[in-house]
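So the structure is just underneath, and the comments pick up after that.
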């Protein structure tokens, strides 16, 4: 029996068994296949390419950060912090844009660009509220100390939403505690959920 010679791979063609499979560019949507035995190899290549494209899109096309529907009240310190955050995001975005590799540039710039959009809008919409002139009642910017009915004593400053860090002693003015305290005076009691709070100082 005469054995047929194994076909040689030509330019743009990859040898596969005793058949030839046209090698498609990874960016092409069409693959010309002459051998069923090599279909799996090329199908996997296309699948991996699509998966990588999906991952890249997920990394580079980030949804915008949610922006509160409440008025963007900020303290003077909060106003400065927003501007610093906006500038930091701008610098990080500019640094990412200097990366030569286009895919890496897109990945590295995605988060800074999203943050830049967010902080730019927060700076634009900010309403700077001066520190209260009086400590007679609780207001935006007040630092309030109160007793809890479980015996604990807590102190919080009421600030804007972007400034709020409860573990660091600041709470948002739209939080349940701040809303309950607003307008109250030393000696007043307020109920928040199942807890009763007694205001013992306002600064």
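Numbering (this note's numbering), first residue to last: -5 to 197. Even for Gly, the Cβ is constructed at its ideal location relative to N, Cα and C.
Tell me which same chain residues have a C-beta within less than 8 Å of the C-beta of residue 179, skipping the five on either side of it?
Against the chain shown, residue 179 aligns to sequence position 185. Hits under 8 Å: 130, 131, 132, 193 and 196.
Residue 61: buried (16+ other C-beta within 10 angstroms of its C-beta) or exposed?
In the chain shown, the residue the question calls residue 61 occupies position 67. It is exposed - the Cβ of residue 61 has fewer than 16 other Cβ atoms within 10 Å.
With a CB to CB cut of under 8 Å and the five nearest residues on each side skipped, what residues in its chain are close to residue 91?
Along the chain shown, one-based indexing puts residue 91 at 97. Same-chain partners within the cutoff: 99 and 103.
Just mark residue 70 as buried or exposed, buried being the case when its beta carbon has 16 or more other beta carbons within 10 Å.
Counted from its first residue, the chain shown places residue 70 at position 76. Classification for residue 70: exposed.
Which runs of the alpha helix (DSSP H), 4 residues or longer, sit entirely within the region 60 to 100?
Residue ranges of uninterrupted alpha helix (DSSP H) with 4 or more members, entirely inside the region 60 to 100 and ordered along the chain, are 70 to 91.
Residue 137 vs residue 152 beta-carbon contact at 9 Å
Translated into positions along the chain shown, residue 137 becomes position 143. Translated into positions along the chain shown, residue 152 becomes position 158. Yes.
Using the C-alpha atoms, what's the distance from residue 115 back to residue 160?
Position 166 of the chain shown, counted from the start, is the residue given in the question as residue 160. Position 121 of the chain shown, counted from the start, is the residue given in the question as residue 115. Rounded to whole angstroms, residue 160 to residue 115 spans 24 Å at the Cα level.
From the DSSP output, which residues share a beta bridge with residue 107?
Position 113 of the chain shown, counted from the first residue, corresponds to residue 107. Answer is none; residue 107 lacks a bridge partner.
What's the gap between the Cα of residue 177 and the Cα of residue 128?
Position 183 of the chain shown, counted from the first residue, corresponds to residue 177. Position 134 of the chain shown, counted from the first residue, corresponds to residue 128. Those two C-alpha atoms are separated by around 12 Å.
Are the CB atoms of residue 86 and residue 106 within a distance shorter than 9 Å?
As a working mapping, residue 106 is identified with position 112 in the chain shown. As a working mapping, residue 86 is identified with position 92 in the chain shown. Taking 9 Å as the Cβ cut-off, residue 106 and residue 86 qualify as a contacting pair.
In three-state DSSP terms, what is residue 191?
Sequence index remark: in the chain shown, residue 191 carries index 197 (1-based). Here residue 191 sits in strand by DSSP.
By Cβ distance, which residues of its chain are closer than 6 Å to residue 96, with the 5 residues on each side in sequence left out?
Position 102 of the chain shown, counting from 1, holds the residue named residue 96. Contacts found: none.
Rounded separation between residue 119 and residue 76 - CA only
Taking the first residue of the chain shown as position 1, residue 119 is located at position 125. Taking the first residue of the chain shown as position 1, residue 76 is located at position 82. Near 11 Å, if we compare the C-alpha coordinates of residue 76 and residue 119.
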